[in-house]
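Report on the following structure.
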Amino acid sequence: MARTVLNQADITRALTRISHEILESNRGSENLMILGIPTRGAVLARRIAAMIGSIEGQAADVPVGALDITMYRDDLSRTRTRTPAPTHVPGSIDGATVVLVDDVLYSGRTIRAALDALNDYGRPRTVRLAVLVDRGHRELPIRADFVGKNLPSSTAERINVHLAETDGDEFVSIEGGAA
Amino acid sequence: MASERYLIRGAAPCGGETADLLLADGRIADIGPGLSAAGATVIDADGLIALPGLVDLHTHLREPGYEQSETVLTGSRAAAAGGFTAVFAMANTSPVQDTAGVVEQVLALGERAGYATVQPIGAVTVGLAGTHLAELGAMAASRARVRVFSDDGNCVADPLLMRRALEYVKAFDGVVAQHAQEPRLTVGAQMNEGALSAELGLAGWPAVAEESIIARDVLLAEHVGSRLHVCHVSTAGSVDVIRWAKARGINVTAEVTPHHLLLTEDLIAGYDARYKVNPPLRSAEDVQALRAGLADGTIDIIATDHAPHPVEAKECEWPAAANGMVGLESALSVAHAAVVETGLLDWADIARVLSATPARIGRISGQGEGLSQGAPAELTLYDPSVRRVFDRSDLAGLGTNSPYLSMTLPGRVEATFHHGYATVLHGAVQDAAAIEQAAREAIHG
Amino acid sequence: MRHLLSTRTLGRDEAILLLDVAEDMADVATREVKKLPTLRGKTVVNLFFEDSTRTRISFEAAAKRLSADVINFSAKGSSVSKGESLKDTAQTLAAIGADGVVIRHPASGAPQVLADSGWIDAGIINAGDGTHEHPTQALLDAFTIRRRLHGTASRGKDLAGVRVTIVGDVLHSRVARSNVWLLSTLGAEVSLIAPPTLVPADTSAWPARVGFDLDEAVDEGPDVMMMLRIQAERMQDSFFPNSREYARTWGLDDTRFARLRPGTMVMHPGPMNRGLEISSAAADSAQSTVLEQVTNGVSVRMAALYLLLSGDREES
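Chains as they are written, first to last, in the working numbering: chain A, 3 to 181; chain B, 20 to 464; chain C, 27 to 342.
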């Protein structure tokens with residue numbers, strides 16, 4: 003049985019808060035680049051960039067893109083072949099403050115791969131991490147700077163993130179695990 | 020010591036009314052219902068068809084020279100397993116069977132092995148090189164009494180040489196068995212030329228390369244009044260040419276292989292070299308035409324073109340692979356599937372195309388005389404009711420290059436008798452030492 | 027994908043996936059670091075029984091950009107006997123631990139035999155076998171056509187309605203065969219123009235029109251004119267009288283090139299015989315894709331190597 007932990011309004015509120023926190027920690031939108039990890043991280047990145055734009059006004063058009071990490075995964079020979087998604091990096095990342103965006107932070111391996119991928123595009127000044135849900139169980143020394151919701155979970159449980167752009171409906175739910 | 024006597028109970032000779040057969044002193048001593056014979060070994064042949072011992076006009080035994088592929092002993096053992104009591108051994112050995120000495124050696128090897136009569140074929144040209152006539156007369160006059168001459172593997176392409184050979188063998192009632200393949204039209208050829216060869220990128224072996232040689236040869240045979248035999252006819256067009264020649268009264272006979280009656284080129288799509296053979300597997304239309312030609316008598320006989328090769332000759336890329344398939348052990352089952360189950364031939368026809376006619380074309384005595392009282396005890400018992408997956412254990416020669424492995428085929432040879440002794444009994448090929456002993460006794464009485 | 031042996035058996039979705047992944051690979055070439063860690067620890071063997079420096083270095087670059095270790099094995103001219111060499115070589119490569127084998131062989135079907143043999147468990151990529159197929163060449167041709175037509179919006183698109191004319195020695199060309207199958211699978215309309223001696227006797231099973239008149243084909247205004255390399259030694263075997271007559275009748279000379287629509291792509295798999303099947307003006311024009319084809323070859327081969335060698339081989 004799936005249990006909804008965030009509805010559409012909760013998600014919007016969480017992203018709004020994250021957008022404000024990003025601006026606060028960066029002291030504005032200067033030098034900022036938002037890169038989402040496909041598929042849903044890229045959607046969230048676009049939303050955050052839009053929110054920052056509307057908070058800061060017309061002048062602040064934050065560059066936003068997608069960073070596919072398929073080629074940098076550490077489990078390529080352990081699962082079936084994965085189809086990569088396009089990467090779009092809007093301009094040079096040298097000296098920029100890059101905010102990586104993903105939907106769920108779990109083992110940290112995806113973010114490790116993203117950091118490696120980023121490295122091949124240039125040398126950002128700072129890299130920050132924003133996630134909609136942090137479910138714990140890190141396997142690498144990685145933490146998020148901006149978190150929509152901390153969601154302690156068991157490894158047997160499954161977190162579903164649905165977003166309007168990719169799934170038609172919008173919610174975060176948790177299902178399975180020991181009853 | 021008197022030779023063993025066999026009483027075969029309840030077999031159906033050539034698929035007809037059941038009868039008992041008594042084999043004694045190398046002859047069919049009696050045939051009829053309700054026979055009894057004290058001291059004879061009784062063989063229950065209920066449900067089995069008795070056929071006269073099969074005669075293969077086209078076998079490659081490889082000895083001398085290619086003993087890693089097959090020997091006279093192993094090849095004739097394969098023949099016995101397939102119900103054959105006589106095989107004509109093709110001349111492409113090393114040294115080539117182009118002298119009296121070599122053909123007599125092959126004859127002697129066959130006599131000693133004892134599984135079947137091994138009748139050597141003589142080469143038409145020295146070394147199969149297609150330039151000078153071999154000593155046809157010496158081979159004919161030798162102890163091997165060679166009557167069939169063939170450069171098989173190579174075509175006697177030179178028309179003048181072919182004319183001379185056809186004329187020359189008339190002196191001793193010989194026949195030239197032509198491997199019909201125009202060499203210039205088949206340079207580098209790998210498979211039947213058609214839509215599939217275009218797709219697979221394999222050089223084509225066009226039907227016309229066979230048909231044009233047959234057309235030329237039947238006209239030559241007509242012109243010089245000689246007897247011509249066409250080996251392994253493989254195309255619909257060849258059947259037409261031979262049908263025309265026979266209608267014209269030309270003295271031509273023709274053979275078709277079991278594989279050309281059953282298999283089509285589609286099998287080649289995966290480049291599995293087991294299906295590489297010369298002439299190549301053809302289209303389904305060709306297969307239908309060959310079956311029809313056999314049924315209407317245009318094609319006279321089935322001959323195996325048994326061509327054993329060592330494993331490494333087939334475990335390789337297609338163009339590097341050797342041509343040929345082993346066929347003795349599977350011939351009867353394949354003929355059963357291709358022309359009996361399809362209703363084109365009955366078992367009496369099978370006796371004709373696999374025993375009587377090949378023996379007559381090859382002018383061999385003591386073979387192909389049928390299942391009558393007093394005829395030589397050359398016969399085989401075949402169970403037509405079983406179906407089995409053909410596998411390695413069904414192969415009795417050295418070669419394992421059978422295209423039928425893991426195919427389901429009808430029928431099984433249960434017993435074969437040669438000179439009155441059993442070379443195969445209860446489906447098992449008999450021990451070589453015992454057969455050698457039996458052969459010695461049969462010859463020396 | 028277990029092996030890449032032919033385009034004959036490649037489905038539309040599979041082909042488009044390959045081309046789309048190649049787009050991602052092409053993007054890598056525009057970055058500061060033109061290398062991906064994806065195949066780190068994998069070994070790719072370039073097993074070439076036939077000389078082809080171009081194809082070999084293209085595969086080598088592709089494998090290296092994916093961080094694979096590359097071993098170049100030139101088997102041509104080695105003394106091993108024909109039949110045994112493929113099996114023995116394959117077993118040697120298996121013993122070395124090759125994960126992928128890129129094979130170029132003069133015998134049609136050799137890659138298929140290798141893939142079916144059980145001698146080696148590696149993923150096999152056909153880099154040209156006899157007169158059979160050359161699938162990565164056709165994929166790079168399709169990729170090139172798609173990019174010229176759709177630019178950065180290429181992903182997911184096929185070649186529906188694109189009219190491609192392939193000219194030259196179709197009989198001996200693995201490039202032509204692979205392109206006939208792939209381009210038609212992707213929805214293109216393929217025509218073949220050749221001297222009648224250089225077309226297979228029976229092309230009834232091919233999804234392509236066959237004609238003999240290059241001028242007519244030029245005037246039909248195709249979207250793509252692909253010229254095949256003609257080997258001069260074909261005239262020794264009387265496939266055509268001499269190279270002058272070939273160039274005059276079946277070559278894309280300046281006059282024919284001038285008659286092409288300005289948008290018609292001129293393709294050639296290389297290496298070119300300038301002045302024989304293609305004029306310098308055509309080869310060096312803005313319509314020519316010859317150099318793009320070379321560049322795209324690396325991307326397409328990266329995609330093929332990625333799709334074959336990543337992922338759990340047991341499950342694929």
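Where is the CB? At the ideal position from N, CA and C, for every residue including glycine.
*Determine the direct distance from the alpha carbon of residue 155/C to that of residue 106/C, and round the result to whole angstroms.*
Taking the third sequence and counting its residues from 1, the one referred to as residue 106/C is at position 80. Taking the third sequence and counting its residues from 1, the one referred to as residue 155/C is at position 129. Caution applies to residue 106/C, whose pLDDT of 48 falls short of 50 and renders its modelled position unreliable; the value that the coordinates give is listed next. Rounded to the nearest angstrom, the two C-alpha atoms are 19 Å apart.
_Residues from the region 111 to 124 of chain C in contact with chain A, defined by Cβ distance under 9 Å_ = none
*Count the other CB atoms, across all protein chains shown, that sit within 10 Å of the CB of residue 392/B; report buried if there are 16 or more and exposed otherwise.*
The residue labelled residue 392/B in the question sits at position 373 within the second sequence. Classification for residue 392/B: exposed.
*Where the beta strand (DSSP E) through residue 205/C begins and ends*: Residue mapping note: residue 205/C aligns to position 179 of the third sequence, counting from 1. Taken as a continuous stretch (DSSP letters only), residue 205/C belongs to no beta strand (DSSP E), being part of the alpha helix (DSSP H) at 200 to 211.
*What residues from chain B crowd round residue 138/C, counting only those whose CB sits closer than 8 Å?*
Within the third sequence, the letter at position 112 stands for residue 138/C. Chain B residues near residue 138/C: 289 and 290.
*Name the residue from 72/B, 56/B and 22/B whose alpha carbon lies nearest to the alpha carbon of residue 33/B.*
As a working mapping, residue 33/B is identified with position 14 in the second sequence. It is 72/B whose Cα lies nearest to the Cα of residue 33/B.
*asked:* Between residue 142/A and chain C, is any beta-carbon pair separated by less than 7 Å?
replied: Taking the first sequence and counting its residues from 1, the one referred to as residue 142/A is at position 140. Chain C, which has no Cβ nearer than 7 Å to the Cβ of residue 142/A, makes this no.
*asked:* Between the alpha carbons of residue 195/B and residue 144/B, how many angstroms are there, rounded?
replied: Your numbering for residue 195/B matches position 176 in the second sequence. Your numbering for residue 144/B matches position 125 in the second sequence. C-alpha separation (whole angstroms): 11 Å.
*What residues from the region 332 to 353 of chain B come within 9 Å of chain C, judged by C-beta to C-beta, listed N to C?*
332, 333, 334, 335, 336, 337, 338, 339, 340 and 341
*Pairwise C-alpha distance: residue 108/B and residue 137/B*: Counted from its first residue, the second sequence places residue 137/B at position 118. Counted from its first residue, the second sequence places residue 108/B at position 89. Near 7 Å, if we compare the C-alpha coordinates of residue 108/B and residue 137/B.
*Quick one, which residues of the region 229 to 250 of chain C are near chain B if we go by CB-CB under 9 Å, in chain order?*
229, 230, 231 and 232
_Considering just the uninterrupted stretch of the beta strand (DSSP E) at residue 288/B, what are its terminal residues?_
Indexing the second sequence from 1 puts residue 288/B at position 269. Segment: none, residue 288/B is in no beta strand (DSSP E) and carries neither H nor E.
*Quick one: Cα of residue 32/C to Cα of residue 168/C, how far?*
Locating residue 32/C in the third sequence gives position 6, counting from the first residue. Locating residue 168/C in the third sequence gives position 142, counting from the first residue. Distance between the alpha carbons of residue 32/C and residue 168/C: 14 Å.
*Does the Cβ of residue 113/C have 16 or more other Cβ atoms within 10 Å, making it buried, or fewer, making it exposed?*
What you label residue 113/C is simply residue 87 of the third sequence in a count that begins at 1. Looking at its Cβ environment, which holds 16 or more other Cβ atoms inside 10 Å, residue 113/C is buried.
*Would you say residue 135/C faces chain B, with C-beta separation under 7 Å as the test?*
Along the third sequence, one-based indexing puts residue 135/C at 109. Judged by the 7 Å Cβ criterion, residue 135/C is in contact with chain B.
*Excluding sequence positions up to five away, which residues of its chain have a Cβ less than 6 Å from the Cβ of residue 27/C?*
Here the question's residue 27/C lines up with position 1 in the third sequence. Closer than 6 Å at Cβ, skipping near neighbours: 333 and 334.
_Can you tell me where the beta strand (DSSP E) holding residue 293/C begins and where it ends?_
Locating residue 293/C in the third sequence gives position 267, counting from the first residue. 291 to 293 is the extent of the beta strand (DSSP E) around residue 293/C.
_DSSP has residue 224/B in a bridge; who is on the other side?_
Translated into the one-based positions of the second sequence, residue 224/B becomes position 205. Answer is 211/B, bridged to residue 224/B.
*Which residues, in order along the region 215 to 234 of chain B, keep a beta-carbon less than 9 Å from a beta-carbon of chain C?*
215, 216, 217, 218, 219, 220, 221, 222, 223 and 225
_Supposed close pair residue 25/A, residue 69/A - CB separation, criterion 8 Å_ = Translated into positions along the first sequence, residue 25/A becomes position 23. Translated into positions along the first sequence, residue 69/A becomes position 67. Approximately 21 Å separates the beta-carbon atoms of residue 25/A and residue 69/A; this is outside 8 Å, ruling out the contact.
_Does the CB of residue 362/C have a neighbour CB from chain B at under 7 Å?_
Beyond the ends of chain C as shown, which are 27 and 342, falls residue 362/C; an answer cannot be given.
*Between residue 63/A and chain C, is there a C-beta pair that is closer than 7 Å?*
Here the question's residue 63/A lines up with position 61 in the first sequence. Closer than 7 Å: no.
*Whole angstroms is fine: what's the gap from residue 39/A's alpha carbon to residue 301/C's?*
Walking along the first sequence from the start, residue 39/A turns up at place 37. Walking along the third sequence from the start, residue 301/C turns up at place 275. When only Cα atoms are considered, residue 39/A and residue 301/C end up about 51 Å apart.
*Residue of 454/B, 304/B and 141/B minimising C-alpha distance to residue 111/B*: To locate residue 111/B, count along the second sequence from 1; it is residue 92. Of the listed residues, the one whose Cα sits closest to residue 111/B is 141/B.
*Closer than 9 Å, Cβ to any Cβ of chain A: which residues of the region 137 to 167 of chain C, in chain order?*
none
*asked:* Using CA atoms only, rank isn't needed, just tell me which of 278/B, 322/B and 456/B is closest to residue 426/B.
replied: If you number the second sequence from 1, residue 426/B lands on position 407. Checked all of 278/B, 322/B and 456/B; the closest Cα to residue 426/B is 278/B.
*Take the Cβ of residue 59/C as the centre, count every other Cβ of all protein chains shown within 10 Å, and call the residue buried at 16 or more, exposed below.*
Locating residue 59/C in the third sequence gives position 33, counting from the first residue. That one is exposed.
*asked:* Less than 7 Å between C-beta atoms, sequence neighbours within five positions excluded: which residues of the same chain meet that for residue 355/B?
replied: Taking the second sequence and counting its residues from 1, the one referred to as residue 355/B is at position 336. 403, 429 and 430.
*Endpoints, beta strand (DSSP E) assigned at residue 429/B*: Translated into positions along the second sequence, residue 429/B becomes position 410. First-last of the beta strand (DSSP E) with residue 429/B: 427 to 437.
*Backbone secondary structure at residue 3/A - three-state DSSP*: As a first step, residue 3/A must be located in the first sequence, where it is residue number 1. Coil, per DSSP.
*For residue 314/C, which residues does DSSP report across the bridge?*
Here residue 314/C refers to the residue found at position 288 when the third sequence is read from its first residue. BP columns for residue 314/C point to 292/C.
*Quick one: residues in its chain with C-beta nearer than 6 Å to the C-beta of residue 93/B, no 5 flanking neighbours on either side, listed in chain order?*
Your numbering for residue 93/B matches position 74 in the second sequence. Taken in chain order, the residues that qualify are 416 and 417.
*Could you give the DSSP three-state label for residue 305/C: helix, strand or coil?*
Looking up residue 305/C in the third sequence gives position 279. Three-state result, residue 305/C: coil.
*Quick one: using the 10 Å Cβ neighbour count with 16 as the cut-off for buried, is residue 20/B buried or exposed?*
Here residue 20/B corresponds to residue number 1 of the second sequence, with the count starting at 1. Model confidence at residue 20/B stands at a pLDDT of 39, short of 50, so the residue's coordinates are unreliable; what they give is reported in the following sentence. Exposed is the call here.
_Residue span of the alpha helix (DSSP H) that contains residue 112/A, given as start and end_ = Residue numbering aside, residue 112/A sits at position 110 when the first sequence is read from its first letter. First-last of the alpha helix (DSSP H) with residue 112/A: 111 to 121.
_Measuring only from the beta carbon, is residue 37/A closer than 6 Å to any heavy atom that is part of the ligand ATP?_
Because no ligand of any kind appears in the structure shown, any question about the ligand ATP cannot be addressed here.
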